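Engineer: Pasting a structure here, questions to come.
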Amino acid sequence: ALLLAVIFYIIYWHLFVYDQQSCDPGEFLCHDHVTCVSQSWLCDGDPDCPDDSDESLDTCE
């Protein structure tokens, strides 16, 4: 069971994290590596990314 979990994790990592999505020009890739939001929505006080990364301290510095 542990080996199966490790294999699943490696496949998940490769498909969803390692092969990061790229966004169109003028868009911001949220830290979930899936969602793109308009750069005009960054640091506007309204979280648009599912993980709120468009309003994080690192993004808004």
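Residue numbers (mature numbering (1 follows the signal peptide of the UniProt record, and there is no 0)): -19 to -1, 1 to 42.
All residues carry an ideal CB built from backbone N, CA and C; glycine is no exception.
On a predicted model such as this, the values are computed, not experimentally measured, just so you know.
1. Quick test of your reading: Val18 and Cys24, contact by CB under 8 Å. State the CB separation rounded to the nearest angstrom.
2. Can you tell me where the alpha helix (DSSP H) with Cys41 in it begins and where it stops?
3. Suppose you measure from the CA of Ile(-13) to the CA of Ser37; what does that come to, to the nearest Å?
4. Could you pull the start and end residues of the beta strand (DSSP E) that Val15 belongs to?
5. My understanding is that Trp22 touches Asp35, with C-beta atoms under 8 Å, so please give their C-beta distance in whole angstroms.
6. Taking the C-alpha atoms as reference points, what is the distance between Pro28 and Thr40?
Structural biologist: Based on what the coordinates show:
1. Their Cβ separation, rounded to whole angstroms, is 11 Å, which puts Val18 and Cys24 out of contact at 8 Å.
2. 38 to 41
3. 32 Å
4. Run containing Val15: none; DSSP gives neither H nor E here.
5. 6 Å
6. Taking the Cα positions, Pro28 is about 12 Å away from Thr40.
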